[in-house]
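Taking it in order: structure first as structure tokens, then the write-up.
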Amino acid sequence: RRGSDLVLWGRNAPTHCISSLLVMDDLATIITGCHDGQICIWDMTPELEINPRALLFGHTASVTCLSKASAGSDKQYLVSASESGEMCLWDVNDGRCIEFTKLALKSRRNTLKYNVLI
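Numbered continuously in the UniProt record's numbering, the sequence shown closes out at residue 118.
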């Protein structure tokens with residue numbers, strides 16, 4: 001339970017095969033996109049525990065791109081894109097899709113491998 005939100009998974013949490021990842025500027029919020037189009041917002045504690053905050057639904061294909069967006073305010077925004085050309089603007093604080101569009105051109109996947117050291 002987080003604030004007034006309640007999330008029920010049942011016996012098993014949904015699977016989440018990660019296709020893209022973004023760490024927000026606060027270094028405590030991690031965003032993952034997956035192959036089935038879901039996006040998950042995670043909170044990381046100072047003890048390096050990772051806990052799910054929200055599961056976002058807006059794409060019908062693999063999430064290939066996640067990027068921070070700014071509107072000059074204290075709010076955190078996220079832009080996501082999928083293999084099928086869908087693009088969403090999200091409010092990271094409440095998980096709300098603010099805007100959705102489907103592009104005529106499909107995205108092209110470029111993979112970059114790197115290591116993160118903590």
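Glycine included, every Cβ here is placed at the ideal spot set by N, Cα and C.
Open item on the list: Applying the 10 Å Cβ sphere with the 16-neighbour rule, what's the burial state of Thr101?
Closed with: Result: exposed.
TODO: With DSSP as the reference, label Arg53 as helix, strand or coil.
DONE: If DSSP states are grouped into helix, strand and coil, Arg53 belongs with the strands.
Open item on the list: Let's test the definition: count the other Cβ atoms within 10 Å of the Cβ of Gly10 and tell me whether it reaches 16, buried, or not, exposed.
Closed with: Exposed: under 16 other Cβ atoms inside 10 Å.
- [ ] Take the Cβ of Cys17 as the centre, count every other Cβ of all protein chains shown within 10 Å, and call the residue buried at 16 or more, exposed below.
- [x] Burial check for Cys17: the Cβ neighbour count within 10 Å stays below 16, so the residue is exposed.
Open item on the list: In this structure, how does DSSP classify Gly33 when only helix, strand and coil are distinguished?
Closed with: Looking at Gly33 - three-state DSSP - the assignment turns out to be strand.
Open item on the list: According to DSSP, simplified to helix, strand and coil, what is Arg2?
Closed with: With a pLDDT of 46 at Arg2, under the threshold of 50, the modelled position of this residue cannot be trusted, and the question is left open.
Task: Cβ-based burial, Thr15 [other Cβ within 10 Å; buried from 16] - done: Thr15 is exposed by the Cβ-count criterion.
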